[in-house]
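Worksheet for the structure shown next.
Number of protein chains: 2
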Amino acid sequence: MNNVNEQHGIFRSSLGPSQILVAGFLMVILVATVLLMLPISSQSGQTTGFIDALFTSTSAVCVTGLVVVNTLEYWSLFGKIVILFCIQIGGLGFMSLVSMIFVFMGKKITLKNRLLMQEAFSFNTTAGIVRFAKAVVQLTFLVEGIGAILLSLVFIPEHGLIKGIGYSIFHAISAFCNAGFDLVGSNSLVPYVGNGIINFTIMGLIIASGLGFSVWIDTYNIIKMKRQSAEHFTWKQAFYKLSLHTKLVWTITIILIVIGFVFFFLVEYNNPATLGALSLKDKIYAALFQSVAPRTAGFNTLPLAELTPASQLMSVILMFIGGSPAGTAGGVKTVTIGVLVLCALSTIKGRENTVVYKRRIPMAVIARALTVVIIAIVVVLGTLMILTVTEDAAFMELLFEVVSAFGTVGSTLGITTSLTPIGKIIIIMLMFIGRLGTITIAVALMVRQGKTKEKHIIQYPEEKVLVG
Amino acid sequence: MNNVNEQHGIFRSSLGPSQILVAGFLMVILVATVLLMLPISSQSGQTTGFIDALFTSTSAVCVTGLVVVNTLEYWSLFGKIVILFCIQIGGLGFMSLVSMIFVFMGKKITLKNRLLMQEAFSFNTTAGIVRFAKAVVQLTFLVEGIGAILLSLVFIPEHGLIKGIGYSIFHAISAFCNAGFDLVGSNSLVPYVGNGIINFTIMGLIIASGLGFSVWIDTYNIIKMKRQSAEHFTWKQAFYKLSLHTKLVWTITIILIVIGFVFFFLVEYNNPATLGALSLKDKIYAALFQSVAPRTAGFNTLPLAELTPASQLMSVILMFIGGSPAGTAGGVKTVTIGVLVLCALSTIKGRENTVVYKRRIPMAVIARALTVVIIAIVVVLGTLMILTVTEDAAFMELLFEVVSAFGTVGSTLGITTSLTPIGKIIIIMLMFIGRLGTITIAVALMVRQGKTKEKHIIQYPEEKVLVG
Ligand SMILES: [K+]
Ligand SMILES: [K+]
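Sequences listed follow chains R and P, in order.
Counting from 1, position 134 in the first sequence corresponds to residue 134 in the numbering used here; the numbering is continuous, with no gaps.
Counting from 1, position 439 in the second sequence corresponds to residue 907 in the numbering used here; the numbering is continuous, with no gaps.
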């Protein structure tokens with residue numbers, strides 16, 4: 001009976017943190033949709049259709065970046081500001097905004113609100129969550145501010161003071177929130193493929209937010225400790241003092257960036273439509289950017305439709321993996337894939353346990369990672385099949401679009417604007433599921449695993465089966 | 469140090485059963501390649517090129533069924549007999565042939581030969597393996613014989629007595645061994661789309677061998693017990709008396725066939741190039757056949773290239789899953805996928821253990837299943853990327869070809885004959901890895917997990933990480 005109660009508990013309608021989070025996101029999306037439909041939001045002064053407005057607001061709030069209309073040309077200044085607000089709310093997590101308001105108003109934060117924030121950040125403990133949320137908000141504005149200043153070195157000379165500052169702020173927020181919206185034109189950041197400031201500022205912002213806030217705070221604390229501590233310890237020792245989560249995030253992120261860079265550099269080297277025409281410096285910039293961007297950024301400096309199919313497939317794989325947990329990134333997350341690969345490597349080595357950095361990863365975590373990936377594969381393949389029926393596009397274009405939407409990446413091979421209404425609705429749902437699904441599923445699983453008392457349930461005998 | 473020894477042990481060169489199995493298959497392939505290169509093997513009486521002969525013999529021995537030349541038109545009677553021998557040797561497992569020779573010669577089977585057979589059948593225990601192997605060989609010839617008699621009802625009227633019997637034997641062996649070679653022409657069994665005898669005989673043979681021998685023997689024993697037992701028990705009780713492995717194989721196989729049937733029936737219903745033009749009876753036949761065939765059969769009664777992209781994708785998924793362990797089927801196997809899905813379902817229900825049919829599935833088995841699938845995904849995606857560079861074909865055509873080769877299915881969207889030499893070599897390697905890789909990897913993992921004494925190794929503390 002206990003088990004039955006648990007099952008209903010997770011789907012209890014009114015008060016679960018997951019439901020409030022979902023409802024909150026829905027509310028923001030709907031308000032933004034109405035605002036974007038108003039004539040004041042478009043350059044032409046005309047009313048925007050419901051589906052296109054819903055698509056844009058969902059894409060912004062879910063920090064995806066797929067667009068059915070050209071952001072620069074279609075939306076008015078008011079419309080652009082609405083989009084920017086959606087991005088900032090979605091990226092920072094609107095729960096942290098709620099908590100910030102609570103904190104700044106000096107109100108004592110309630111346990112329920114703590115739980116909400118815990119869910120928004122996939123944070124493990126309620127202890128110190130308020131301090132954590134404050135740090136997150138401060139850090140976000142600080143990093144976005146630095147990014148905007150760096151970008152303004154390019155945008156102010158190009159667009160004048162006022163417009164230049166606006167552009168800089170827009171792109172800094174868009175990059176840090178992993179939104180991928182841009183005001184450059186119809187092909188993302190392709191015009192800036194060789195621009196060092198744009199490249200490294202945007203990449204820095206993408207990587208920073210893609211790592212997840214807790215990783216930054218953990219790393220910062222260890223570096224501070226190393227400096228202030230009386231006893232001397234080496235960098236390697238310092239690295240080991242990081243939490244296992246932080247160690248894994250750094251390791252996997254660096255491995256993925258290096259693999260992606262080498263892959264794109266070699267495969268695209270002679271492609272005249274992409275790297276082939278560029279200087280060696282620009283080739284390196286572009287390959288690196290293409291490797292970093294699928295960490296759910298949604299920006300690109302190479303024309304994606306011109307990439308070789310191998311590079312497009314590699315981009316799809318990187319987009320599916322996405323960024324790291326507890327940040328603004330989407331995808332099934334680096335650590336999720338990392339945990340599964342580590343389990344496989346341990347099995348190949350004949351180990352009973354999954355061991356990394358002298359720590360055992362609990363089986364419950366591996367089961368959770370497996371569950372997240374299986375759900376993601378089912379969602380991606382299911383929607384992909386529907387789209388192959390409703391849309392008139394090549395298979396790779398649809399695969400790219402679906403994984404991009406689910407991973408809240410926002411890159412496209414160019415079919416977004418010509419989607420059918422059914423296709424648009426499916427992509428809207430995918431963006432929403434991609435942004436909130438993995439978080440809520442992961443949290444729901446964690447809560448259940450924590451609550452269920454297996455000892456109350458009959459312990460069945462083990463029996464082996466053959467696999468492979 | 470113990471661990472280090474284990475690691476070297478698995479790759480020890482000369483005497484491991486896995487190595488002998490691989491070497492044996494390689495030898496058969498090379499002998500067949502030489503025979504097929506001879507002028508006597510081709511209709512035209514000309515020498516066949518090394519790569520095409522190697523491709524054909526690998527495809528036959530690995531019971532894949534992909535062909536670079538039309539089997540009916542290109543090969544002479546001698547060549548066809550060589551191919552048929554390759555299929556029978558590859559399908560039955562040449563190890564069981566070796567054991568059969570031993571048994572029939574009345575020699576006492578050595579422990580080493582038992583281990584070899586154990587590997588060939590993924591069998592869990594050495595006890596009774598000789599009896600098991602004998603049963604396998606008898607069963608194979610019995611079922612192939614019945615299949616040939618049924619097929620002759622169609623083929624003798626069509627081709628006369630001698631040729632009709634030859635056709636019946638060829639297709640019965642090809643179907644039961646999951647080889648997918650046919651003598652009908654260039655488009656598999658498409659001309660027989662509405663022929664009841666051909667459809668149900670071939671499907672029966674495919675399903676029978678796809679279930680795996682141990683499942684048949686287990687099921688047969690329980691049915692016999694139910695009949696002969698003094699105490700009466702229901703069919704449900706009888707089902708529960710089956711081993712967990714057998715229960716899972718039956719359940720998953722039936723689920724996959726039903727899902728596939730409903731999917732193809734609905735999605736292709738109005739496709740004029742496939743089901744659209746057929747009568748309702750033929751529609752049902754064709755949808756069912758298309759659902760059964762990806763269990764690594766390699767036959768098709770619908771023109772695969774004309775299927776909708778959604779159906780092609782569904783076929784790819786079914787081909788990747790493949791048949792059940794310890795039979796002639798390929799793919800990552802039904803039980804492998806089943807175990808992972810069950811783990812996810814248990815996790816969603818908040819259970820600590822993976823439970824099905826009142827039995828716990830050991831974590832070691834789940835880890836092994838995960839490892840097999842991850843290796844399969846890496847192999848498929850890696851070779852797919854290479855082929856997108858070397859071949860001039862659509863992405864779906866290449867994806868279909870790669871999964872078909874790896875899963876030893878042998879279906880194609882039509883690009884096999886026009887592969888480049890590099891493409892042919894990659895597909896040859898894929899067929900070989902697909903046939904032997906999963907078996908040897910799974911066995912190697914089982915051996916290692918069995919041997920490693922984790923208690924001798926430092927037990928590291930657990931630490932959780934965030935996933936999803
Ligand atoms: K994005
Ligand atoms: K086959």
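Note that beta-carbon positions come from the ideal geometry of N, C-alpha and C, so glycine has one too.
- Distance from the CA atom of P889(P) to the CA atom of V877(P), rounded to whole angstroms, is 21 Å.
- Using a Cβ-Cβ cut-off of 7 Å, F788(P) does not count as an interface residue toward chain R, since no Cβ of chain R sits closer than that to its own.
- Scanning N739(P), S525(P), I630(P) and N689(P) for the CA closest to the CA of C554(P) turns up S525(P).
- The beta carbon of V63(R) sits closer than 6 Å to at least one heavy atom of ligand 1.
- From the beta-carbon of L808(P), the residues of chain R found nearer than 7 Å are L370 and I374.
- The C-beta distance from T851(P) to A797(P) rounds to 20 Å, too long to meet the 8 Å contact threshold.
- For I415(R), the three-state secondary structure derived from DSSP is coil.
- In terms of beta-carbon proximity, T815(P) lines the interface with chain R, with at least one pair separated by less than 7 Å.
- Excluding the 5 residues flanking it on each side, I624(P) has same chain C-beta neighbours closer than 8 Å at G632, I633 and S636, in chain order.
- Given a length threshold of 4 residues, each whole run of the alpha helix (DSSP H) inside the segment 717 to 773 of chain P is given here in chain order: 748 to 760.
- In the structure shown, S42(R) falls within a strand segment according to DSSP collapsed to helix, strand and coil.
- When the beta-carbon positions are compared, F320(R) and V403(R) come within less than 7 Å of each other.
- Taking the beta carbon of M396(R) as reference, the chain P residues within 7 Å of it are F863, listed in sequence order.
- Among the CB atoms of chain P, one or more fall inside 7 Å of the CB of P309(R).
- When distances are taken from the beta-carbon of G648(P) to the heavy atoms of ligand 2, the shortest one is below 6 Å.
- Ranking I51(R), F25(R), G79(R) and G65(R) by CA distance to the CA of S42(R) puts G79(R) first.
- Placement of the Cβ of G672(P) at a distance of 6 Å or more from every heavy atom of ligand 2 is found.
- Three or more beta-carbon pairs separated by less than 8 Å are not found between the segment 220 to 231 of chain R and the segment 335 to 353 of chain R, which leaves the two stretches without contact.
- Where R360(R) is concerned, the enclosing beta strand (DSSP E) starts and stops at R359 to I361.
- Interface residue (Cβ-Cβ distance to chain P less than 7 Å): L419(R) is not classified as such.
- Out of L280(R), G434(R), I374(R) and L183(R), the CA that lies nearest to the CA of G323(R) is found in G434(R).
- Counting along the chain, the unbroken beta strand (DSSP E) around T822(P) starts and ends at T822 to V824.
- Approximately 5 Å separates the beta-carbon atoms of S814(P) and T822(P); this is inside 8 Å, confirming the contact.
- With contacts defined as CB atoms closer than 7 Å, V193(R) and D282(R) qualify as a contacting pair.
- The residue among C62(R), G45(R) and V34(R) with its C-alpha nearest the C-alpha of D52(R) is V34(R).
- Contact of A344(R) with chain P by beta-carbon distance below 8 Å involves A835, L838, T839, I842 and I843.
- The beta carbon of V389(R) falls within 7 Å of a beta carbon belonging to chain P, placing the residue at that interface.
- A direct Cα-Cα distance of roughly 20 Å separates A835(P) from K333(R).
- Distances from the CA of V529(P) to each of N538(P), I549(P) and L540(P) were compared; the closest alpha carbon is that of I549(P).
- N221(R): member of the alpha helix (DSSP H) spanning F213 to Q228, first to last residue.
- Think of a sphere of 8 Å around the beta carbon of I317(R): the chain P residues whose beta carbon falls inside it are L849, in chain order.
- Contact check between the segment 616 to 630 of chain P and the segment 721 to 740 of chain P: fewer than three CB pairs, one atom from each, fall below 8 Å, which does not count as touching.
- Unbroken beta strand (DSSP E) runs of no fewer than 3 residues, entirely contained in the segment 791 to 862 of chain P, are found at 822 to 824 and 827 to 829, following chain order.
- Relative to the non-hydrogen atoms of ligand 1, the Cβ of T515(P) never comes closer than 6 Å to any of them.
- With contact defined as three or more Cβ pairs closer than 8 Å, the segment 384 to 396 of chain R and the segment 19 to 29 of chain R are not in contact.
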